[in-house]
Amino acid sequence: MPSSVMSTSNSGAGPQAPAAVSAVGLRKSYGDKTVLDGIDLRIPAGSVFALLGPNGAGKTTTVQILSTLVSADGGQAQVAGHDLAAAPQAVRGAIGVTGQFSAVDGLITGEENMLLMADLHHLPRREGRRAAAELLERFDLTEAANKPASTYSGGMKRRLDIAMTLVGDPRIIFLDEPTTGLDPRSRHTMWQIIRALVTSGVTVFLTTQYLEEADELADRIAVLHNGRIAAEGTADELKRIVPGGHVRLRFTDPTAYRDATTALPHGTGDDDTLTLQIPSDGSQRDLRTVLDRLDDAGIEADELTVHTPDLDDVFFALTATTTAAVPAQTDALKETLR
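Under full-length UniProt numbering, the letters of the sequence shown match residues 1 to 338, in that order.
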């Protein structure tokens, strides 16, 4: 049986966008080690989907299966409208893959790497040269095009890697930890490239260990742990389901502070600093409830701040070190969503 996916989506919210990638019950084991234990995925076309998880969680295996590099032991999947098992060649024609480790050949120039990829896609010579030139310009590599790729910086090699992936004009791109090892400037450049790809209509399947990266780029995020999807949703949705969010009110008038503690009895007060902390999921509804109670009591706070857990909190909550902790966490979070 596939593992259940704790999703924050509302299935009754109307028609869904067409899926670029969908999977049900994907399973994969190596020997006696279960890497994927029945995962379900649905990725709308023209979006960025981020798969998070600790080392060894199965992120790369998921990419390898969906890109036809490795066969699943069980389950079904469709990529770009093609059945993964029945039409792997059609899937390969619709996707591009940039792995964790660069596919760039350092012994030849950047342009030669591009032309080699064009040959692999069986593009006519003139079309291949045109595509190579356009992509080298698009990725700001024209000046370095005739230099050996071994002389490129890490960021340049990664840009060339993605440019090579785009030679065949893929509709879906799998990026397996594309910014690992890059400096912050190069990482932000890569983010700009990914955003531009999505603007042009490409679907991006991203695996990453950088939570900030998923927060910045992804329309939806899934957390993979112990071979299962522990949770899935937008960044904001995932942050709201982890306990710890609160609204913090600060007062300068002791009387207003005391009145607020009466109007909001579930809050935790600090008499020394005249601050009141009220548990909240960070939603507009929760904030409105707090403000309405203050208004009804004729109380005005001098300062109001809203704190919601970040993706670090989500990640640590869902990837507990013990196998028993995950189902317990998941059950608790499901209750929060009801």
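Idealized CB from N, CA, C, for every residue including glycine.
These figures come from a predicted structure and were not determined experimentally.
7 Å Cβ shell around residue 72 - same chain, five flanking residues per side excluded: The residue given as residue 72 occupies position 72 in the sequence shown. Result list for residue 72: 26, 27, 28 and 65, in chain order.
Assumed close pair residue 161, residue 98 - CB separation to whole angstroms, cut-off 8 Å: One-based indexing of the sequence shown puts residue 161 at position 161. One-based indexing of the sequence shown puts residue 98 at position 98. Indeed, because the Cβ distance is near 5 Å, the residues count as touching under 8 Å.
Three-state secondary structure assigned by DSSP to residue 188: As a first step, residue 188 must be located in the sequence shown, where it is residue number 188. The answer is helix: DSSP assigns residue 188 an H, G or I state.
Rounded straight-line distance, which links the Cα of residue 223 to that of residue 8: Position 8 of the sequence shown, counted from the start, is the residue given in the question as residue 8. Position 223 of the sequence shown, counted from the start, is the residue given in the question as residue 223. With a pLDDT of only 43 at residue 8, under 50, the local geometry of the prediction cannot be trusted, and no value is derived from it.
Which residues DSSP lists as bridging residue 203, in chain order: Looking up residue 203 in the sequence shown gives position 203. Its beta-bridge partners are 172.
Per-residue DSSP class, three states only, for residue 84: To locate residue 84, count along the sequence shown from 1; it is residue 84. The answer is coil: DSSP assigns residue 84 none of H, G, I, E or B.
Pick from 50, 18, 54 and 47 that is closest to residue 319, judged by C-alpha positions: The residue labelled residue 319 in the question sits at position 319 within the sequence shown. Closest by alpha carbon: 54.
Meets three-Cβ-pair contact criterion under 8 Å: the stretch 254-263 and the stretch 227-243: no
Beta-bridge pairing of residue 30 - partner residues as DSSP gives them: Taking the sequence shown and counting its residues from 1, one reaches residue 30 at position 30. Answer is 33, bridged to residue 30.
Residue 218 (DSSP reduced to helix, strand or coil): By 1-based counting over the sequence shown, the position of residue 218 is 218. Here residue 218 sits in coil by DSSP.
Neighbourhood of residue 283 by C-beta, 7 Å cutoff - its chain only, sequence neighbours within 5 removed: Here the question's residue 283 lines up with position 283 in the sequence shown. Here the set comprises 240.
Residue ranges of each beta strand (DSSP E) within the stretch 51-119, 3 or longer: 74-79 and 95-98
N- and C-terminal bounds of the alpha helix (DSSP H) containing residue 284: Stepping through the sequence shown from its first residue, residue 284 is reached at position 284. Start and end: 284-296.
Meets three-Cβ-pair contact criterion under 8 Å: the stretch 209-217 and the stretch 138-157: no
Whole-angstrom distance between residue 218 and residue 296, CA atom to CA atom: Taking the sequence shown and counting its residues from 1, the one referred to as residue 296 is at position 296. Taking the sequence shown and counting its residues from 1, the one referred to as residue 218 is at position 218. When rounded, the distance between both Cα atoms is 40 Å.
Cβ contact (3+ pairs, closer than 8 Å) linking the stretch 163-172 and the stretch 113-122: yes
Supposed close pair residue 81, residue 201 - CB separation, criterion 8 Å: Position 81 of the sequence shown holds residue 81. Position 201 of the sequence shown holds residue 201. Wrong, their Cβ atoms sit about 15 Å apart, outside the cutoff.
Close Cβ partners of residue 36 (< 7 Å) along its chain, the five nearest in sequence each way excluded: The residue you call residue 36 lines up with position 36 of the sequence shown. Here the set comprises 26, 27, 28, 58, 61, 62 and 227.
Sequence-distant residues of its chain with Cβ nearer than 6 Å to residue 163 (five each side left out): Here the question's residue 163 lines up with position 163 in the sequence shown. Taken in chain order, the residues that qualify are 135 and 139.
Beta-carbon proximity of residue 303 to residue 250, cut-off 7 Å: Translated into positions along the sequence shown, residue 303 becomes position 303. Translated into positions along the sequence shown, residue 250 becomes position 250. It is a contact, given that the beta carbons lie within the stated cut-off.
Cβ-based neighbour list, residue 149, same chain, cut-off 7 Å, excluding 5 preceding and 5 following: As a working note, residue 149 is residue 149 in the sequence shown. Correct list, in chain order: 104, 105, 106, 108, 109, 110, 113, 157 and 160.
Euclidean distance between Cα positions of residue 339 and residue 311: Residue 339 lies beyond the residue range present for the chain, which begins at 1 and ends at 338; the question has no answer from this structure.
Cβ-Cβ distance between residue 172 and residue 95 below 7 Å: Against the sequence shown, residue 172 aligns to sequence position 172. Against the sequence shown, residue 95 aligns to sequence position 95. Taking 7 Å as the Cβ cut-off, residue 172 and residue 95 qualify as a contacting pair.
Residue 275 (DSSP reduced to helix, strand or coil): Within the sequence shown, the letter at position 275 stands for residue 275. It is a strand residue.
Residue from 23, 101 and 31 with nearest C-alpha to residue 40: Along the sequence shown, one-based indexing puts residue 40 at 40. With distances taken between Cα atoms, residue 40 lies closest to 23.
Residue 174 versus 32, 206, 154 and 187, residue with shortest Cα-Cα distance: Along the sequence shown, read from residue 1 onward, the residue named residue 174 stands at position 174. The residue with the shortest Cα to Cα distance from residue 174 is 206.
Alpha carbon of residue 315 to alpha carbon of residue 52, nearest angstrom: In the sequence shown, residue 315 corresponds to position 315, counting from 1. In the sequence shown, residue 52 corresponds to position 52, counting from 1. Distance between the alpha carbons of residue 315 and residue 52 is about 8 Å.
Contacts around residue 20, its chain only, beta-carbon distance under 6 Å, and the 5 residues preceding and following it disregarded: Numbered from 1 along the sequence shown, position 20 holds the residue referred to as residue 20. Contacts found: 43, 45, 172 and 203.
Distance CB(residue 277)-CB(residue 289) smaller than 7 Å: Here residue 277 is taken as the residue at index 277 of the sequence shown, counted from 1. Here residue 289 is taken as the residue at index 289 of the sequence shown, counted from 1. Their beta carbons are not under 7 Å apart, which means residue 277 does not touch residue 289 by this criterion.
CA nearest to the CA of residue 181, picked from 209, 192, 197 and 199: Position 181 of the sequence shown holds residue 181. Residue 209 is the option with its Cα nearest to residue 181.
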